[in-house]
Structures are given as structure tokens and as C-alpha cells.
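Chemist: Order-wise, the sequence lines are chains A and B. Using full-length UniProt numbering, the letters of the first sequence correspond one by one to residues 1 to 408. Using full-length UniProt numbering, the letters of the second sequence correspond one by one to residues 1 to 408. Quick reminder that beta carbons are idealized off the backbone N, C-alpha and C, glycines included. For clarity, every value in this text was computed on a predicted model and none was experimentally measured. Take this structure first; my questions come after.
Protein chains: 2
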Amino acid sequence: MNLTSQKERALMPNLKVSLTARGNRAIQAIPPSLIRTVDNRISQIPDIIKLTLGEPDFEVPQHIKNAAKLAIDQNFSHYAPSAGFLELRQEISNYLLKATNTYYQPEGEITVTVGATEGIYTAVQGIFNPGDTIIIPTPSFPLYHAVAELMGLNIVTVNTAPEYLLTANKLAELLIKYPQAKGIILNYPNNPTGATYSPEQARAVADILRQTDLVVLSDEIYAELTYEQHHLSMATLLPEQTILISGCSKSHAMTGYRIGYLAGPAELMTSIDKIHQFVVTTAASPMMKAAEESLRHGQNDIIQMRTIYQQRRDLLLNALNLAGFTTTTPAGAFYIFARIPTNMIQDDVKFVYDLAEKAQVGVIPGSIFGPGGEHHIRLSYAASTESLIEAGRRIQNYARQYQHSAVI
Amino acid sequence: MNLTSQKERALMPNLKVSLTARGNRAIQAIPPSLIRTVDNRISQIPDIIKLTLGEPDFEVPQHIKNAAKLAIDQNFSHYAPSAGFLELRQEISNYLLKATNTYYQPEGEITVTVGATEGIYTAVQGIFNPGDTIIIPTPSFPLYHAVAELMGLNIVTVNTAPEYLLTANKLAELLIKYPQAKGIILNYPNNPTGATYSPEQARAVADILRQTDLVVLSDEIYAELTYEQHHLSMATLLPEQTILISGCSKSHAMTGYRIGYLAGPAELMTSIDKIHQFVVTTAASPMMKAAEESLRHGQNDIIQMRTIYQQRRDLLLNALNLAGFTTTTPAGAFYIFARIPTNMIQDDVKFVYDLAEKAQVGVIPGSIFGPGGEHHIRLSYAASTESLIEAGRRIQNYARQYQHSAVI
Chain A
1 MNLTSQKERA LMPNLKVSLT ARGNRAIQAI PPSLIRTVDN RISQIPDIIK LTLGEPDFEV
61 PQHIKNAAKL AIDQNFSHYA PSAGFLELRQ EISNYLLKAT NTYYQPEGEI TVTVGATEGI
121 YTAVQGIFNP GDTIIIPTPS FPLYHAVAEL MGLNIVTVNT APEYLLTANK LAELLIKYPQ
181 AKGIILNYPN NPTGATYSPE QARAVADILR QTDLVVLSDE IYAELTYEQH HLSMATLLPE
241 QTILISGCSK SHAMTGYRIG YLAGPAELMT SIDKIHQFVV TTAASPMMKA AEESLRHGQN
301 DIIQMRTIYQ QRRDLLLNAL NLAGFTTTTP AGAFYIFARI PTNMIQDDVK FVYDLAEKAQ
361 VGVIPGSIFG PGGEHHIRLS YAASTESLIE AGRRIQNYAR QYQHSAVI
Chain B
1 MNLTSQKERA LMPNLKVSLT ARGNRAIQAI PPSLIRTVDN RISQIPDIIK LTLGEPDFEV
61 PQHIKNAAKL AIDQNFSHYA PSAGFLELRQ EISNYLLKAT NTYYQPEGEI TVTVGATEGI
121 YTAVQGIFNP GDTIIIPTPS FPLYHAVAEL MGLNIVTVNT APEYLLTANK LAELLIKYPQ
181 AKGIILNYPN NPTGATYSPE QARAVADILR QTDLVVLSDE IYAELTYEQH HLSMATLLPE
241 QTILISGCSK SHAMTGYRIG YLAGPAELMT SIDKIHQFVV TTAASPMMKA AEESLRHGQN
301 DIIQMRTIYQ QRRDLLLNAL NLAGFTTTTP AGAFYIFARI PTNMIQDDVK FVYDLAEKAQ
361 VGVIPGSIFG PGGEHHIRLS YAASTESLIE AGRRIQNYAR QYQHSAVI
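This is how it looks when you write it as C-alpha cells:
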């Protein structure tokens with residue numbers, strides 16, 4: 001019997017009617033990812049150039065691919081220790097020592113995760129109890145909010161516009177208002193804005209946090225993509241109360257390999273590592289060997305990619321400015337967060353669909369990232385230089401229609 | 001500056017004293033995995049043969065390795081859809097159609113997970129609310145209990161000894177006592193006992209469950225390792241209220257590739273897929289391409305491995321019986337659950353350490369798997385034939401000391 005005829009006669013997993021709407025309420029309350037909704041809708045437009053996803057267009061460097069393939073040949077197909085292969089944790093430790101001047105012990109202070117996503121999830125699960133208060137500066141990566149909500153946390157969002165950084169002053173004010181806060185999520189360089197702390201700003205923020213008992217979840221996955229300035233990590237400034245979230249996905253174009261890591265004080269990491277075991281057991285073995293290689297011999301890859309990203313950023317910034325968008329030069333990550341010109345559609349979701357339909361350029365509405373994001377769009381410049389040139393041209397053409405028409 | 005001297009001068013992530021013992025209470029309440037504790041301790045004994053872990057000693061079949069390496073070469077290094085590559089979900093759908101006669105739609109009814117572990121975790125998180133009652137037959141894989149406890153579920157365990165199967169009669173009694181139960185975890189072939197439902201037994205259990213609104217989480221990861229009888233899936237018997245948990249880890253010796261999957265009615269899968277996104281985003285792309293190949297062209301691998309497992313099972317059973325252990329022939333998985341002879345140490349944890357020290361054979365104490373496991377040991381025969389022969393010889397030698405000594 002062939003598959004088609006077998007399908008026709010097969011049973012169907014239609015949910016028993018009495019089981020309708022009985023699943024987890026916290027999950028049902030969280031709306032589906034709007035980034036995906038927008039991305040799916042505009043993906044159907046022919047010839048669209050998508051600057052939507054935070055994903056490098058680069059290929060994984062050849063020496064890292066080779067390491068992954070060698071690991072497959074060498075039968076790294078068995079369970080790794082739950083915290084990840086010790087050799088990888090040693091490389092992470094060495095890397096962090098050089099990058100942050102803090103020495104995290106491979107045994108007990110570092111856990112390898114399934115991308116930074118699992119890092120964020122397990123860190124929040126490991127540190128907080130339902131009802132705890134967490135501070136999330138916005139605009140921010142929507143995952144933070146979803147994970148905190150899933151856990152039943154009390155979420156305090158703080159709008160960081162127009163700097164797009166939670167400055168020391170704003171933080172101080174906030175802590176007077178929410179003295180019960182147990183933790184805070186920092187993300188710099190920031191997704192979606194590309195803003196990042198200068199060393200002075202980072203120090204000022206750390207000085208305030210040091211006077212508190214807040215646990216700092218510092219998502220620094222874009223640390224290696226910092227332009228024209230030095231990235232000063234919370235791991236350097238506040239190692240005694242920080243869980244550092246990072247990984248190789250963005251620095252080495254390895255998003256699909258799903259390797260991230262967490263580093264922090266042993267007691268916090270013990271809880272986190274325990275839940276990590278229950279959630280995934282461990283990351284994929286050959287992918288960990290690839291990550292090991294990226295940390296051991298991948299410093300040049302980063303430098304090369306960073307140079308190209310910076311060129312792409314400037315190219316896209318220039319096109320946006322010519323089209324009338326207000327931007328600040330993002331100092332990190334690979335996003336531009338641009339203010340929609342006041343003579344164009346001001347509802348950012350409607351604007352995005354209009355731009356996609358009329359100009360065949362796909363971007364993400366800023367309001368998806370929370371308070372401070374309205375009237376903005378996020379453009380990822382982790383796309384090829386050719387696509388960015390063409391997208392810039394299309395956006396400028398799109399802007400021309402407004403030179404002869406009234407404000408909508 | 002070299003790493004050693006840099007280490008000496010580096011900062012240390014010593015937890016701020018005021019942050020001590022402030023982490024997640026539910027996680028802290030769960031004891032660390034006793035399997036790992038036992039395994040770590042006995043791993044330090046020189047020349048030990050470990051029959052402790054549920055991990056095939058086989059290598060990944062060459063055609064599957066090739067598929068993984070090709071995927072790396074072909075730049076499958078970008079994010080896959082959160083539910084997994086569509087091609088993989090199509091292969092899973094085809095496989096399940098043939099194996100269970102139920103047609104799960106690749107879009108909406110199947111989610112690829114980071115091993116069956118993440119499948120179990122996200123299924124429990126997606127289906128239950130804190131305070132819900134879940135039935136877990138024991139002895140069982142300790143992860144079920146931990147995941148349910150983490151979520152604050154009300155756990156009803158039911159001792160399945162001596163059959164090591166939750167029979168229809170026992171289930172019926174249980175449901176009278178716990179009419180509020182919202183779900184049940186089934187696992188057959190079973191870890192740790194190797195017991196599995198005959199088709200008649202599975203039908204009888206399904207007939208009772210069909211009269212209830214219980215959601216059935218059916219962990220059938222060992223389905224392909226069923227000996228001398230047919231595996232009848234809950235996906236066939238109860239598709240309208242079952243979430244099927246499975247994967248390629250055990251059938252194709254791919255534990256370290258971390259690919260599992262869930263299949264079930266669309267409404268339940270929607271919640272589960274949403275939390276899956278928040279937990280891991282998606283599984284590793286090259287590993288998914290390997291899993292696709294294992295489902296498409298890997299049927300012969302299974303048959304070959306199964307034949308060898310069965311020989312190993314019989315070999316180890318024979319040695320255990322000669323040494324005085326009471327066993328039933330396990331019909332599935334790759335575990336033997338053996339009753340410690342009454343003239344030996346009856347505390348199974350103490351017995352395991354004694355066996356490890358005196359006979360250099362590592363096994364897992366049965367009580368770790370919950371009520372019904374006491375006085376038993378679990379031996380994994382997913383080890384090489386040579387190790388199993390030698391382990392059998394050592395166990396028989398160990399038993400000889402008791403022929404001339406009193407009961408301890």
C-alpha cells in the first residue's frame with residue numbers, strides 16, 4: 001500500500017472534544033510571536049528582500065565546519081556531560097578570562113546551553129520564584145517577556161527611549177519605586193536597537209546595581225559585534241551577582257548549531273544546571289565540538305565579519321537617512337532602529353505591511369519590542385551587501401511617493 | 001600575559017553573600033540526579049565495566065553520519081523553523097503513518113525537540129497547570145517525576161510491581177481513587193524494567209483511558225526495540241488524547257545528536273510548540289538532517305541493532321540467573337531489572353556500591369526509579385558484547401562469595 005492511500009485510510013489525531021481548551025493557561029495567554037507573524041505574512045510577497053531576522057547571512061567558517069564533521073567521524077554521538085564537554089567549558093573559561101578578566105571555573109561556573117534562548121529560559125527558571133519581580137528595559141527581545149510571564153513573574157518594564165539604554169539615573173529612580181525587584185535583564189549590544197553601553201555607562205549602571213541584591217541576567221550575545229568602542233561586560237563589573245548569557249551563534253554565524261552558554265557564581269549555576277538537565281539533558285555533541293573550535297581558533301573570523309557588518313550598517317544607515325528616517329548610529333549588534341518619518345504612516349505595523357507591499361522590503365515593527373518601540377522599525381543588516389544596497393534603493397524610492405502627497 | 005598568570009590575577013565570580021539561597025525553591029527541592037551520583041562514584045573505580053547508562057554503544061550508521069556532514073557542507077547552519085525542518089516532519093509523519101496507522105500532519109501536529117527529554121519537558125509544561133494531578137506509574141525514568149515536581153503538579157505514583165506494567169485493572173482502581181487526574185505518563189517499552197505492553201494489554205489500558213479525559217503522554221522512545229512481539233502504540237489506540245513522545249536517539253544510537261519529537265492533536269501541539277520556541281527556539285539544523293536520513297533510509301539499521309541487542313540481553317540474563325538473580329525476560333528497551341538474591345545485600349544502593357567495589361561492575365540501584373524498584377538493580381545491555389560477557393563472569397564470581405558466607 002502506498003503512502004497516499006494509507007493516509008486516506010489512516011486514523012486522525014483529532015482532539016477529543018472534552019479535552020478542548022484544557023492546556024496550560026500561562027502559555028495560552030502569551031500571544032504567538034509577532035515577529036514570526038509579520039515575517040510569515042511578508043515572506044509571501046514575491047521578490048521581497050527580508051531584513052527581518054537576527055541571523056547572519058555568513059556561512060560558518062570552514063575550520064569550524066571541519067571540526068563539526070571530524071566530531072561526527074570520531075563518534076561524538078553519545079551523551080555529553082549535562083553542562084557540556086569539559087574541553088568546551090575550558091575554552092569558554094579561557095575566552096571569558098581574556099574578554100572579561102573574570103575566571104569562571106569550567107566545573108561548576110559554566111553551563112553550555114541550546115543557544116542563548118535556552119540560556120535565558122533556564123537562567124530565569126533557575127533564579128526566580130513565581131511572583132518575584134523582574135525588571136525588563138524595553139524595547140527588548142520579546143523572549144524575555146514571554147519567559148518571565150510563563151513563570152508567573154511580576155514584570156516591570158521600563159521604556160529606555162530615546163537613548164535605548166537603561167541609564168544609571170533611570171535605574172536609580174526605578175529601584176526607589178520597585179525596591180522588591182529581585183532581578184534585572186540587561187542586553188547590550190541591544191536587540192532591537194543596536195544601542196550599547198560605553199564603558200563609562202556600564203560602570204555607572206554597575207555601581208548602582210552593586211548596592212542592591214538584584215541578580216543581573218546580562219545577555220551579551222552580541223558582545224563581539226561592538227563597533228568603534230570597547231565592550232565592558234557585567235562579568236567584569238559585577239561578577240558576584242551576574243549570570244552572563246552568551247554564545248557563538250552571532251559571532252560565528254552558527255545560529256542553527258544551537259550552542260550558547262551561561263557563566264556565573266557557582267551557587268546560582270547549580271540551580272540553573274539542574275533545570276538545564278531536566279529541560280534538554282545537554283546540547284548536541286558534534287555542535288559542541290564546533291563551538292570549541294570557534295572559541296579556540298575563531299578570533300579572526302570575528303574580526304572579518306565585524307568589519308563587513310560595519311560597512312553594511314553604514315550603507316543602510318545612509319540609505320535610511322536619505323529616505324528621511326531618523327537614526328542613531330548603532331554601536332553594536334546588527335540592527336538599525338529607525339524612526340519612521342513623520343510624513344509617512346505612523347502606525348509601525350501598518351507601515352511595515354505597506355513598505356513590504358509597495359517596496360518589497362521586509363522589516364519588523366518596533367512596537368513588537370515593547371514600550372519605546374512604537375513609530376520605529378527594526379532593520380537587520382545581517383544580510384548580504386547586495387540585498388542591502390537594493391533594499392536601500394527601494395526604501396528611497398518608497399519615500400519619494402511622499403514628496404508629492406499629504407501626510408496619511 | 002599567559003593564561004595561568006592571568007588566571008591568578010583575575011576576578012572571581014564569588015556569589016554576593018546577600019544573594020545566598022535565593023534561587024528557585026522548586027528546583028532546590030529536587031535532589032540531584034541519583035543516577036549521576038552513583039555513576040560518578042563508581043566511575044572512579046579502576047577497570048570498572050559500566051552497565052549504568054541508557055546509551056547505545058553503537059556508532060551512528062555511516063549513511064546518517066554522511067547526511068549530517070553533507071548538511072554542514074550545505075550550510076544548514078541557519079535557524080530552522082521552530083517545529084523543525086518541514087522535510088524532517090514529513091519523514092516523521094510518514095514513519096508514524098506506517099508504524100501507527102495514524103496520520104499526523106507535518107504542519108501543526110508534529111514538533112521536533114531537543115531529544116525526548118525536551119519533548120517530555122515541553123509536553124508537561126504545555127498541557128498542565130500548577131496543581132493539576134498527574135499519574136506516574138513506577139518504577140520509572142526519574143525525569144518524569146522531576147519535571148512534574150518543577151511545575152508544581154500533584155503527583156500520584158503507582159507501584160506497578162511485580163508486572164512492571166500499569167495493568168488495566170490497576171488503572172481502573174486508580175481512577176476511582178483519583179477522579180481529578182488530568183494526565184498520565186506511560187512509558188513502554190519501559191525504562192528501567194524493559195517491560196512492555198502486549199497488544200492485548202495496551203488495548204485494555206486504552207479502553208479504560210478512552211472513557212476518561214486524561215491526556216496520555218506516551219513515551220515510546222524504545223518502540224523500535226521491542227523483541228518477540230509487536231509494539232502497539234497509544235498513537236494507534238488513542239490518537240485523540242495522546243501526545244506521543246519519541247525520537248531517533250535509541251533506535252539509531254544518536255543520543256548525542258539530541259533529536260526527538262512529539263506528535264499529537266493540533267490544539268495540544270499548539271501550546272507545546274509555543275513553549276518549545278521559548279525554551280530552545282529549535283533543534284540543531286545539521287542534526288535534524290541526520291534524523292531525516294535515519295527515518296528515510298534507516299530501517300535496516302534498526303533491524304541489525306535489535307538482533308544484536310536481543311543476543312546481548314539473553315547473554316546477560318543467563319549470567320544473572322546463574323548468579324542467583326531473579327529476572328523476567330524484558331520484552332523491550334535495553335535494560336534488565338533484576339531482583340537481588342535474598343542472600344545478598346538487600347539495600348540496593350549499598351548492593352550497587354559493593355558490587356562496584358568487589359566485582360568492578362557498575363549498575364543502577366532500582367530504588368532510584370521509585371516505588372517497586374527497591375531490592376532491584378537496573379543493568380543496561382547497550383554495551384559491547386565483550387563487556388557484557390566479562391561483566392557476567394564478574395557477577396557470577398561475586399555471587400560465589402555468598403555460597404560460603406551468611407546472609408548480610
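CA-CA distance, Thr255 of chain A and Glu55 of chain A?
Modeler: Walking along the first sequence from the start, residue 255 of chain A turns up at place 255. Walking along the first sequence from the start, residue 55 of chain A turns up at place 55. If you take the alpha carbons of Thr255 of chain A and Glu55 of chain A, they lie about 7 Å apart.
Chemist: Alpha carbon to alpha carbon, what distance is there between Lys50 of chain A and Ala338 of chain A?
Modeler: Translated into the one-based positions of the first sequence, residue 338 of chain A becomes position 338. Translated into the one-based positions of the first sequence, residue 50 of chain A becomes position 50. Computed Cα separation, rounded: 16 Å.
Chemist: Do Val363 of chain B and Ile377 of chain B have their C-beta atoms closer together than 7 Å?
Modeler: The residue given as residue 363 of chain B occupies position 363 in the second sequence. The residue given as residue 377 of chain B occupies position 377 in the second sequence. In contact: Val363 of chain B and Ile377 of chain B (Cβ atoms closer than 7 Å).
Chemist: Within 10 angstroms of its Cβ, does Gln277 of chain B collect 16 or more other Cβ (buried), or is it exposed?
Modeler: Position 277 of the second sequence, counted from the start, is the residue given in the question as residue 277 of chain B. Flag for Gln277 of chain B reads buried.
Chemist: Would you identify the three-state DSSP class for Gln401 of chain B, choosing helix, strand or coil?
Modeler: Here residue 401 of chain B corresponds to residue number 401 of the second sequence, with the count starting at 1. It is helical.
Chemist: Three Cβ pairs or more, each shorter than 8 Å: is that satisfied between the region 326 to 336 of chain B and the region 190 to 202 of chain B?
Modeler: yes
Chemist: Run through chain A and tell me which residues come within less than 9 Å of Asp73 of chain B, C-beta to C-beta.
Modeler: Within the second sequence, numbered from 1, the residue matching residue 73 of chain B stands at position 73. What Asp73 of chain B touches in chain A: Lys65 and Lys69.
Chemist: State yes or no: is the C-beta of Ala116 of chain B within less than 7 Å of the C-beta of Tyr164 of chain B?
Modeler: Within the second sequence, residue 116 of chain B is the residue found at index 116, counting from 1. Within the second sequence, residue 164 of chain B is the residue found at index 164, counting from 1. Contact flag unset, no.
Chemist: Given a cut-off of 7 Å on the beta-carbon distance, is the pair Lys274 of chain A and Ala67 of chain A in contact?
Modeler: Position 274 of the first sequence, counted from the first residue, corresponds to residue 274 of chain A. Position 67 of the first sequence, counted from the first residue, corresponds to residue 67 of chain A. No. Outside cutoff.
Chemist: Taking Ala338 of chain B as part of the beta strand (DSSP E), name the residues at either end of that continuous run.
Modeler: Taking the second sequence and counting its residues from 1, one reaches residue 338 of chain B at position 338. Looking at the DSSP string, the run of the beta strand (DSSP E) that includes Ala338 of chain B is Tyr335 to Arg339.
Chemist: Taking 6 Å as the cut-off, does the CB of Val60 of chain B come closer than this to any heavy atom belonging to the ligand SAM?
Modeler: The ligand SAM is absent from the structure shown, which contains no ligand whatsoever.
Chemist: Quick one: does Gly264 of chain B have its CB under 7 Å from some CB of chain A?
Modeler: Taking the first residue of the second sequence as 1, we reach residue 264 of chain B at position 264. Judged by the 7 Å Cβ criterion, Gly264 of chain B is in contact with chain A.
Chemist: Are the region 279 to 286 of chain A and the region 78 to 97 of chain A in contact at 8 Å, needing three or more beta carbon pairs?
Modeler: yes
Chemist: I'd like the ranges of any beta strand (DSSP E) spanning at least 3 consecutive residues and lying wholly in the region 101 to 128 of chain B.
Modeler: 110 to 113
Chemist: Within 7 Å of any Cβ in chain A, is that where the Cβ of Tyr257 of chain B sits?
Modeler: Along the second sequence, read from residue 1 onward, the residue named residue 257 of chain B stands at position 257. It does: the Cβ of Tyr257 of chain B has a partner Cβ on chain A nearer than 7 Å.
Chemist: Considering just the uninterrupted stretch of the beta strand (DSSP E) at Pro199 of chain B, what are its terminal residues?
Modeler: The residue labelled residue 199 of chain B in the question sits at position 199 within the second sequence. Counting along the chain, Pro199 of chain B falls outside any beta strand (DSSP E), though it belongs to the alpha helix (DSSP H) covering Pro199 to Arg210.
Chemist: Quick one: does Arg25 of chain A have its CB under 7 Å from some CB of chain B?
Modeler: Taking the first residue of the first sequence as position 1, residue 25 of chain A is located at position 25. Taking Cβ atoms only, chain B reaches closer than 7 Å to Arg25 of chain A, which makes this a yes.
Chemist: Of the residues B:Ile184, B:Tyr309 and B:Gln346, which one's Cα is nearest the Cα of Ala383 of chain B?
Modeler: Taking the first residue of the second sequence as position 1, residue 383 of chain B is located at position 383. If we check each option's Cα against that of Ala383 of chain B, B:Tyr309 comes out closest.
Chemist: Which residues share a DSSP beta bridge with Gly324 of chain B?
Modeler: Along the second sequence, read from residue 1 onward, the residue named residue 324 of chain B stands at position 324. Answer is none; Gly324 of chain B lacks a bridge partner.
Chemist: Starting from Gly332 of chain B, follow its DSSP beta bridges and name the residues at the other end.
Modeler: Taking the first residue of the second sequence as 1, we reach residue 332 of chain B at position 332. According to DSSP, Gly332 of chain B bridges with B:Thr226.
Chemist: So with CB distances below 7 Å, who are the chain A contacts of His78 of chain B?
Modeler: Residue 78 of chain B sits at position 78 when you count from the first residue of the second sequence. Counting only Cβ-Cβ distances below 7 Å, His78 of chain B has contacts in chain A at Glu55, Thr255 and Gly256, in chain order.
Chemist: Taking 7 Å as the CB-CB limit, is Lys170 of chain A close to chain B?
Modeler: Working through the first sequence from its first residue, we reach residue 170 of chain A at position 170. Cβ-Cβ to chain B under 7 Å: no for Lys170 of chain A.
Chemist: Applying a beta-carbon distance threshold of less than 7 Å, which residues of chain A neighbour Ile127 of chain B?
Modeler: As a working mapping, residue 127 of chain B is identified with position 127 in the second sequence. Near Ile127 of chain B (Cβ distances below 7 Å), the residues of chain A are Gly23 and Asn24.
Chemist: When you compare only the Cα positions, how much space is there between Gln286 of chain A and Ile345 of chain B?
Modeler: Within the first sequence, numbered from 1, the residue matching residue 286 of chain A stands at position 286. Within the second sequence, numbered from 1, the residue matching residue 345 of chain B stands at position 345. Checking the sequence shown, residue 286 of chain A turns out to be Pro, not Gln. When rounded, the distance between both Cα atoms is 42 Å.
Chemist: Using a C-beta cutoff of 7 Å, does Val7 of chain B count as contacting chain A?
Modeler: Residue numbering aside, residue 7 of chain B sits at position 7 when the second sequence is read from its first letter. It should be pointed out that residue 7 of chain B corresponds to Lys in this sequence rather than to Val. Cβ-Cβ to chain A under 7 Å: yes for Lys7 of chain B.
Chemist: At the 7 Å Cβ level, is Ala223 of chain A part of the contact set with chain B, yes or no?
Modeler: Indexing the first sequence from 1 puts residue 223 of chain A at position 223. No, Ala223 of chain A lies away from the interface with chain B (no Cβ there is under 7 Å from its Cβ).
Chemist: Please determine, among A:Gln6, A:Asn24 and A:Thr111, the residue with the shortest C-alpha to C-alpha distance to residue 441 of chain A.
Modeler: Not covered by the structure: residue 441 of chain A. The range shown for chain A is 1 to 408.
Chemist: Give the interface partners of Gly115 of chain B over in chain A, defined as CB-CB distance under 8 Å, in chain order.
Modeler: Position 115 of the second sequence, counted from the first residue, corresponds to residue 115 of chain B. Per Cβ cutoff of 8 Å: Val280 and Thr281.
Chemist: Please name the residue or residues paired with Lys50 of chain B in a DSSP beta bridge.
Modeler: Along the second sequence, one-based indexing puts residue 50 of chain B at 50. The partner list for Lys50 of chain B (beta bridge, DSSP) reads B:Gly362.
Chemist: Taking only beta carbons into account, state which residues of the region 207 to 218 of chain B come closer than 8 Å to chain A, listed in chain order.
Modeler: Residues are counted here when their Cβ sits less than 8 Å from a Cβ of chain A; for the region 207 to 218 of chain B these are Asp213 and Val215, given in chain order.
Chemist: I need the DSSP call for Thr160 of chain A, collapsed to helix, strand or coil.
Modeler: On the first sequence, residue 160 of chain A is found 160 positions in, with the first residue counted as 1. Coil, per DSSP.
Chemist: Along the alpha helix (DSSP H) that carries Glu175 of chain B, what are the first and last residues, could you check?
Modeler: By one-based count along the second sequence, residue 175 of chain B stands at place 175. Looking at the sequence itself, residue 175 of chain B is Leu, so the reference to Glu does not match. Residues Ala168 to Lys177.
Chemist: Alpha carbon to alpha carbon, what distance is there between Thr342 of chain A and Ala406 of chain A?
Modeler: Counting from one through the first sequence, the residue named residue 406 of chain A turns up at place 406. Counting from one through the first sequence, the residue named residue 342 of chain A turns up at place 342. With a pLDDT of 49 at Ala406 of chain A, under the threshold of 50, the modelled position of this residue cannot be trusted; read the value that follows with caution. Looking at the two C-alpha atoms, the distance is approximately 11 Å.
Chemist: Kindly say whether Glu386 of chain A, judged by its beta-carbon, lies nearer than 7 Å to any beta-carbon of chain B.
Modeler: Translated into the one-based positions of the first sequence, residue 386 of chain A becomes position 386. It does not: the Cβ of Glu386 of chain A has no partner Cβ on chain B nearer than 7 Å.
Chemist: Taking C-alpha atoms, which residue in B:Glu357, B:His145 and B:Val156 lies nearest to Phe369 of chain B?
Modeler: Here residue 369 of chain B refers to the residue found at position 369 of the second sequence. For the residues B:Glu357, B:His145 and B:Val156, the minimum Cα distance to Phe369 of chain B belongs to B:His145.
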